[in-house]
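**Student:** This is the structure, below, for whatever I ask next.
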Amino acid sequence: MKSERFPSFFHSFKFKLILGVAVVHAVMMSLFIWDLVYRHQAMLLERQTEQANALTHSLATSSCVWLASHDIAGLQEIIDAQRRYPELVYAMITNENGKVLAHTDMKKIGLRALGMPDEKKHTVLNSSSSLVDVASPVMLNDRFIGWVRLGTGQADAAIKMRAIMRNGILYALVAIIVGSILAWLLGRQITGRIYAIKKTIDTVNSGEKSCRTGLAGLDEISVLSGEFDRMLDNLDRREEALKRAEQELKTINENLENMVAERTRDLERSNTELEGFAYVISHDLQEPLRKIGSYLDLLKEEYEGHLNEEALSYIGSAVDGAYRMKDMIGDLLALSRVGTRPDPFKEVDSGKAVELAVRDLEIAVGESGAKISWNSLPTVHADPGQLNQLLSNLIGNAIKYRGDVSPEITVSAVRDNTGWRFCVKDNGIGFDMKFADRIFQIFQRLHTRREYPGTGIGLALCKKIVERHGGRIWVLTEPGKGSEFFFTLPAAPQAPPDGKRPIDFQTF
Amino acid sequence: MKNEPMKSIILLLVDDDTDDVRLTRKALTRKNLRIDVHDVQNGIEALAFLRKQGKFKDKPTPDLILTDLNMPKMDGRELLQEINMDEALRDIPLIVLTTSSGEEDILHAYKMNANCFITKPVGWKEFIRVVEYIDGFWFNIAKLPGDITR
Numbered sequence: 001m002k003s004e005r006f007p008s009f010f011h012s013f014k015f016k017l018i019l020g021v022a023v024v025h026a027v028m029m030s031l032f033i034w035d036l037v038y039r040h041q042a043m044l045l046e047r048q049t050e051q052a053n054a055l056t057h058s059l060a061t062s063s064c065v066w067l068a069s070h071d072i073a074g075l076q077e078i079i080d081a082q083r084r085y086p087e088l089v090y091a092m093i094t095n096e097n098g099k100v101l102a103h104t105d106m107k108k109i110g111l112r113a114l115g116m117p118d119e120k121k122h123t124v125l126n127s128s129s130s131l132v133d134v135a136s137p138v139m140l141n142d143r144f145i146g147w148v149r150l151g152t153g154q155a156d157a158a159i160k161m162r163a164i165m166r167n168g169i170l171y172a173l174v175a176i177i178v179g180s181i182l183a184w185l186l187g188r189q190i191t192g193r194i195y196a197i198k199k200t201i202d203t204v205n206s207g208e209k210s211c212r213t214g215l216a217g218l219d220e221i222s223v224l225s226g227e228f229d230r231m232l233d234n235l236d237r238r239e240e241a242l243k244r245a246e247q248e249l250k251t252i253n254e255n256l257e258n259m260v261a262e263r264t265r266d267l268e269r270s271n272t273e274l275e276g277f278a279y280v281i282s283h284d285l286q287e288p289l290r291k292i293g294s295y296l297d298l299l300k301e302e303y304e305g306h307l308n309e310e311a312l313s314y315i316g317s318a319v320d321g322a323y324r325m326k327d328m329i330g331d332l333l334a335l336s337r338v339g340t341r342p343d344p345f346k347e348v349d350s351g352k353a354v355e356l357a358v359r360d361l362e363i364a365v366g367e368s369g370a371k372i373s374w375n376s377l378p379t380v381h382a383d384p385g386q387l388n389q390l391l392s393n394l395i396g397n398a399i400k401y402r403g404d405v406s407p408e409i410t411v412s413a414v415r416d417n418t419g420w421r422f423c424v425k426d427n428g429i430g431f432d433m434k435f436a437d438r439i440f441q442i443f444q445r446l447h448t449r450r451e452y453p454g455t456g457i458g459l460a461l462c463k464k465i466v467e468r469h470g471g472r473i474w475v476l477t478e479p480g481k482g483s484e485f486f487f488t489l490p491a492a493p494q495a496p497p498d499g500k501r502p503i504d505f506q507t508f
Numbered sequence: 509m510k511n512e513p514m515k516s517i518i519l520l521l522v523d524d525d526t527d528d529v530r531l532t533r534k535a536l537t538r539k540n541l542r543i544d545v546h547d548v549q550n551g552i553e554a555l556a557f558l559r560k561q562g563k564f565k566d567k568p569t570p571d572l573i574l575t576d577l578n579m580p581k582m583d584g585r586e587l588l589q590e591i592n593m594d595e596a597l598r599d600i601p602l603i604v605l606t607t608s609s610g611e612e613d614i615l616h617a618y619k620m621n622a623n624c625f626i627t628k629p630v631g632w633k634e635f636i637r638v639v640e641y642i643d644g645f646w647f648n649i650a651k652l653p654g655d656i657t658r
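The listed protein sequences correspond, in order, to chains E and X.
This note's numbering puts the first sequence at residues 1 to 508.
This note's numbering puts the second sequence at residues 509 to 658.
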């Protein structure tokens, strides 16, 4: 586990520190040694050349008399005397033509010296660490009479150089080792503290929330660990606050759920009451009404011969009233059922719904010669029965309130932000826009029953249906110019996905 | 059936509303004079009639029962249940004739083996038409168990 969580040695900061220090030391020490050796060599060469120059001058001076007198033995003696210089490689004296008269290597006497300088003056022929070769003319009263030439080597210097180099490498190694050890110690101090922080993180992560680094000191890592501890404290506090808030939220939620449940119960109770009310209307109110109608009919049937015209007309009015009241009660029931007897919403092809509505209105369509057209209509999220009723009512109205020309009715739909906006457009009689709100209220009519029969509930029903679907219904019209009834419905893939139907906030 | 001698059809009308009883009786006997209509006020009386108990001990077994649902003491729903549980009575054809058009009432009636559920129409003419349908179907077209036992 540790190997996974901590970097391996070769990836560690410690290793990089040690490697860096070692490389820097090695490079710096190498440069230093190279510089030292180079300078030392240059200095030695300079000194050797100076020595060779001095020696040649001295030889030229001392050999002048002997050369002038051609005392070969004396010259050889002078040359032999130079052997005591340990660095001396060779020494020779030649005549003015370069013939060797005396030489440290006796075998070379009599030979001709090669590579003598062209000009008759002191010349350094070669200057390297292995050989410094110098020639100097021998002058007698400004007359050139021969050459002194000698070479010195550095057999001793090379050994010294090697010693310097060896020592240098040794120092470099020591420096690298000491540097690395110091780097390792420093690295251990830094990474050790970092690991301490890491260990704290692991401990906190494993659940021991109160664990802290607690590192003392004034350096950057101590400051960092102090900040880290503060951060952990803050996190602890925040977590606690969060827990408290969560608890509070839970309590609020529970309360809310209780309230919703209570509300739902209230609504259910009110819905049940409404259904009871609808039943009262359907049964208890219709009962006496039925009786009125029936007995009036019976009266008329059985006593028609015994009553005069006026009495029969009274009976006719009473019967008419009873039937109209029956229609109104029926419509009221239908209106109340929008809320109390709903079917769940589902995907409905509104084109099919129009087709169905037109089929329901078959007789009216046939009588009026109405042309009803619609293009492709969308699928909407609706109660199928109610959608059918809505369209039936609107198309039925469009046929009913027709003018002198045969009705032309268009059903269309356009998409808006929230769903679909439908339009049922006709070429009928239209009406003044000041009644645009009133026509959607229950039992409100713009015409007498003689002109257009009806209870005045159709559009109120439409409004209720549209509102139950979360939509809006309105009209644009002008007398004699036809009407456009608009309503909105939600688009298909919407509303409660779990299939629960929305609660109906129904008021009767 | 044509060759058989004319015999009256016995019908039991269960309804607490005497006005309605009178209307129904009128509608039924308007054309068909063979129908012998008996009426009782509620479920308890109807059961007593059917079981020939007490003051009904000399009454005949009806060929058809026409019952309302909303009545005091024992309503039509309970009556249906009682008849359905009684082996001797359950084969008598039964029609529910009521003002109710409630879904629950309709479903309950058929569950209790009612033969037919009819909502009373509002108008007299409509009512006459419905009664004539009942008369035409049950007393002329359908064969009743009473035809066999007698």
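Even for Gly, the Cβ is constructed at its ideal location relative to N, Cα and C.
Name, going along the chain, the residues of the stretch 281–305 of chain E whose beta-carbon falls closer than 8 Å to a beta-carbon of chain X.
**Tutor:** Cβ contacts with chain X come from Ser282, His283, Gln286, Glu287, Leu289, Arg290, Lys291, Gly293, Ser294, Tyr295, Leu296, Asp297, Leu298 and Glu301.
**Student:** For chain E, check one thing: does any of its Cβ atoms lie closer than 8 Å to the Cβ of Asp576(X)?
**Tutor:** Here residue 576(X) corresponds to residue number 68 of the second sequence, with the count starting at 1. No, Asp576(X) lies away from the interface with chain E (no Cβ there is under 8 Å from its Cβ).
**Student:** CB-CB under 7 Å to Thr152(E), same chain, minus the five flanking residues each way: which ones, in chain order?
**Tutor:** For the purposes of this step, residue 152(E) is identified with residue 152 of the first sequence, where counting begins at 1. Taken in chain order, the residues that qualify are Gln48, Gln51, Ala52, Glu87, Leu88, Val89 and Val132.
**Student:** What does a CB cutoff of less than 6 Å around Pro502(E) pick up in its chain, not counting 5 residues either side in sequence?
**Tutor:** On the first sequence, position 502 is the one that residue 502(E) refers to. Note that Pro502(E) scores a pLDDT of 42, beneath 50, so its modelled location is shaky and nothing firm can be said.
**Student:** Tell me the start and end of each unbroken alpha helix (DSSP H) in the stretch 321–367 of chain E that is at least 4 residues and wholly inside, in chain order.
**Tutor:** List check, alpha helix (DSSP H) in window: 350–360.
**Student:** Going along chain E in order, which residues have a C-beta closer than 8 Å to the C-beta of Trp632(X)?
**Tutor:** Here residue 632(X) corresponds to residue number 124 of the second sequence, with the count starting at 1. Neighbours of Trp632(X) on chain E, chain order: Gly293, Ser294, Tyr295, Leu296, Asp297, Leu298 and Glu301.
**Student:** Over what stretch of residues does the beta strand (DSSP E) that includes Asn550(X) continue unbroken?
**Tutor:** Working through the second sequence from its first residue, we reach residue 550(X) at position 42. Per DSSP, Asn550(X) belongs to no beta strand (DSSP E) and is neither H nor E.
**Student:** Taking only beta-carbon positions, decide if Asp527(X) is within less than 8 Å of chain E.
**Tutor:** Counted from its first residue, the second sequence places residue 527(X) at position 19. Yes, Asp527(X) lies at the interface with chain E (some Cβ there is under 8 Å from its Cβ).
**Student:** Buried or exposed: where does Leu94(E) fall if 16 or more other Cβ atoms within 10 Å of its Cβ makes it buried?
**Tutor:** One-based indexing of the first sequence puts residue 94(E) at position 94. The displayed chain sequence assigns Thr, not Leu, to residue 94(E). Buried, because 16 or more other Cβ atoms sit within 10 Å of the Cβ of Thr94(E).
**Student:** Using a Cβ-Cβ distance under 8 Å, would Leu652(X) count as near chain E?
**Tutor:** Here residue 652(X) refers to the residue found at position 144 when the second sequence is read from its first residue. Closer than 8 Å: no.
**Student:** Sort out for me which residues DSSP pairs Gly151(E) with in a bridge.
**Tutor:** Within the first sequence, the letter at position 151 stands for residue 151(E). Per DSSP, Tyr90(E) and Asp133(E).
**Student:** Apart from the five residues just before and just after Gly584(X), which ones in its own chain have a Cβ nearer than 6 Å to its Cβ?
**Tutor:** Counting from one through the second sequence, the residue named residue 584(X) turns up at place 76. Thr575, Asp576 and Leu577.
**Student:** Can you name, in chain order, every residue of its own chain whose Cβ lies under 8 Å from the Cβ of Gly480(E), other than the five neighbours on each side?
**Tutor:** Mapped onto the first sequence, residue 480(E) falls at position 480. Same-chain partners within the cutoff: Gly403, Ile429 and Gly430.
**Student:** Does the separation of the CB atoms of Thr607(X) and Gln286(E) fall below 8 Å?
**Tutor:** Here the question's residue 607(X) lines up with position 99 in the second sequence. Here the question's residue 286(E) lines up with position 286 in the first sequence. Yes, the pair counts as a contact, with Cβ atoms nearer than the cut-off.
**Student:** Relative to the alpha-carbon of Gly321(E), which residue among Thr477(E), Lys425(E) and Asp297(E) has its alpha-carbon at the smallest distance?
**Tutor:** For the purposes of this step, residue 321(E) is taken as the residue at position 321 of the first sequence. It is Asp297(E) whose Cα lies nearest to the Cα of Gly321(E).
**Student:** Do you know how far the Cα of Pro629(X) is from the Cα of Val638(X)?
**Tutor:** Mapped onto the second sequence, residue 638(X) falls at position 130. Mapped onto the second sequence, residue 629(X) falls at position 121. Straight-line Cα distance between these residues: approximately 8 Å.
**Student:** What residues match up with Phe422(E) in a beta bridge as DSSP calls it?
**Tutor:** Numbered from 1 along the first sequence, position 422 holds the residue referred to as residue 422(E). For Phe422(E), which the question treats as bridged, DSSP gives the partners Ala413(E) and Phe487(E).
**Student:** Nearest-angstrom Cα distance between Gly482(E) and Phe345(E)?
**Tutor:** The residue labelled residue 482(E) in the question sits at position 482 within the first sequence. The residue labelled residue 345(E) in the question sits at position 345 within the first sequence. Each residue's Cα considered, the two are about 32 Å apart.
**Student:** Helix, strand or coil: which one does DSSP assign to Phe462(X)?
**Tutor:** Examination of residue 462(X) is not possible in this model, given that chain X is present from 509 through 658 alone.
**Student:** Name the one or two DSSP bridge partners that Val100(E) has.
**Tutor:** Looking up residue 100(E) in the first sequence gives position 100. Beta-bridge pairing links Val100(E) to Thr94(E).
**Student:** Assuming the contact rule is C-beta atoms closer than 8 Å, Val545(X) and Arg533(X) should be a hit. Round their C-beta distance to whole Å, please.
**Tutor:** Stepping through the second sequence from its first residue, residue 545(X) is reached at position 37. Stepping through the second sequence from its first residue, residue 533(X) is reached at position 25. Sure, about 5 Å apart at Cβ, within 8 Å.
**Student:** Return helix, strand or coil for Ala245(E), following the three-state DSSP convention.
**Tutor:** For this step, residue 245(E) is matched to residue 245 along the first sequence. DSSP places Ala245(E) in helix when its eight states are reduced to three.
**Student:** Check the C-beta distance from Trp632(X) over to Gly293(E) and give it rounded, since I have them as a contact under 8 Å.
**Tutor:** As a working mapping, residue 632(X) is identified with position 124 in the second sequence. As a working mapping, residue 293(E) is identified with position 293 in the first sequence. With a Cβ gap of about 6 Å, Trp632(X) and Gly293(E) count as contacting.
**Student:** Expressed to the nearest angstrom, what Euclidean distance is found between the alpha-carbon atoms of Gly456(E) and Ala622(X)?
**Tutor:** Position 456 of the first sequence holds residue 456(E). Position 114 of the second sequence holds residue 622(X). Each residue's Cα considered, the two are about 38 Å apart.
**Student:** Report yes if the C-beta distance between Ile33(E) and Met161(E) is below 8 Å; otherwise report no.
**Tutor:** The residue you call residue 33(E) lines up with position 33 of the first sequence. The residue you call residue 161(E) lines up with position 161 of the first sequence. Taking 8 Å as the Cβ cut-off, Ile33(E) and Met161(E) do not qualify as a contacting pair.
**Student:** Assuming Ile573(X) and Val529(X) form a contact by the criterion Cβ under 8 Å, report the distance between their Cβ atoms to the nearest whole angstrom.
**Tutor:** Taking the first residue of the second sequence as 1, we reach residue 573(X) at position 65. Taking the first residue of the second sequence as 1, we reach residue 529(X) at position 21. Going by Cβ atoms, the distance from Ile573(X) to Val529(X) rounds to 14 Å, so no, they are not a contact pair.
**Student:** To which residues does DSSP link Trp474(E) through a beta bridge?
**Tutor:** Position 474 of the first sequence holds residue 474(E). Paired residues: Phe486(E).
**Student:** Along the chain, where does the beta strand (DSSP E) that runs through Phe625(X) open and close?
**Tutor:** As a position in the second sequence, residue 625(X) is number 117, starting the count at 1. Where Phe625(X) is concerned, the enclosing beta strand (DSSP E) stretches over Cys624 to Thr627.
**Student:** Tell me the DSSP bridge mates of Gly305(E)?
**Tutor:** As a first step, residue 305(E) is located in the first sequence; it is residue number 305 there, counting from the start. For Gly305(E), which the question treats as bridged, DSSP gives no partner whatsoever.
**Student:** For chain X, check one thing: does any of its Cβ atoms lie closer than 8 Å to the Cβ of Thr488(E)?
**Tutor:** Along the first sequence, read from residue 1 onward, the residue named residue 488(E) stands at position 488. Not closer than 8 Å to any Cβ of chain X, the Cβ of Thr488(E) fails to qualify, so no.
**Student:** Use the C-beta contact count for Asn393(E): other C-beta atoms within 10 angstroms, 16 or more gives buried, fewer gives exposed.
**Tutor:** Looking up residue 393(E) in the first sequence gives position 393. Buried, since its Cβ has 16 or more Cβ neighbours within 10 Å.
**Student:** Name the chain E residues whose beta carbon is nearer than 9 Å to that of Phe625(X)?
**Tutor:** Residue mapping note: residue 625(X) aligns to position 117 of the second sequence, counting from 1. What Phe625(X) touches in chain E: nothing, since even the nearest Cβ is about 15 Å away.
**Student:** Report all residues from its chain with a CB closer than 6 Å to the CB of His103(E); omit the five preceding and five following residues, and keep chain order.
**Tutor:** Residue mapping note: residue 103(E) aligns to position 103 of the first sequence, counting from 1. Met92 and Ile109.
**Student:** Roughly how far, in whole angstroms, is the beta-carbon of Val138(E) from the beta-carbon of Ala60(E), given that I think they are within contact range, below 8 Å?
**Tutor:** Here residue 138(E) refers to the residue found at position 138 when the first sequence is read from its first residue. Here residue 60(E) refers to the residue found at position 60 when the first sequence is read from its first residue. Right, the Cβ-Cβ distance comes to about 5 Å (below 8 Å), so this counts as a contact.
**Student:** With C-beta atoms as the reference, is Ile626(X) less than 8 Å away from Ala535(X)?
**Tutor:** Reading the second sequence from its first residue, position 118 is the one you call residue 626(X). Reading the second sequence from its first residue, position 27 is the one you call residue 535(X). Contact flag unset, no.
**Student:** From Ser69(E) to Leu140(E), what does the alpha carbon distance come to, in whole angstroms?
**Tutor:** Locating residue 69(E) in the first sequence gives position 69, where the first residue counts as 1. Locating residue 140(E) in the first sequence gives position 140, where the first residue counts as 1. Ser69(E) and Leu140(E): Cα-Cα distance of roughly 11 Å.
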